[in-house]
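Residue numbers (my numbering): 96 to 203. Have a look at the structure below, then the notes.
Now the structure itself:
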């Protein structure tokens, strides 16, 4: 994803749309017309994806295609291995934050 909207960092729709539009336009200025994937946590954006789509279109971002993932597309129910991996990666990520190491992705 190029941009993620989660409740922990969501201030307001107005501030978020300004940041999002700026990033989309900056990326397109550098790379031309490329895709820009935005992930939005459930129930974060006012009026859902329809509200976000309208907000982007009102800022001259015209080629917006909202997609809502269902439970099967998200991978279905987690198994023990999924939960163990999530716990391990989460624990390591928290230890990095505690050491003031940020802006990296934890992978296995």
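We put the beta carbon where it would ideally sit given N, CA and C, even for glycine.
In the same chain as residue 201, and ignoring 5 residues on each side of it, the C-beta atoms closer than 6 Å to its own belong to 184, 187, 188, in chain order. Listed as beta-bridge partners of residue 202 by DSSP are no residues whatsoever. Closest by C-alpha distance to residue 119, out of 144, 105, 99, is 99. Straight-line measurement puts the Cα of residue 112 at about 14 Å from the Cα of residue 121.
With 16 or more other Cβ atoms inside 10 Å of its own Cβ, residue 131 counts as buried.
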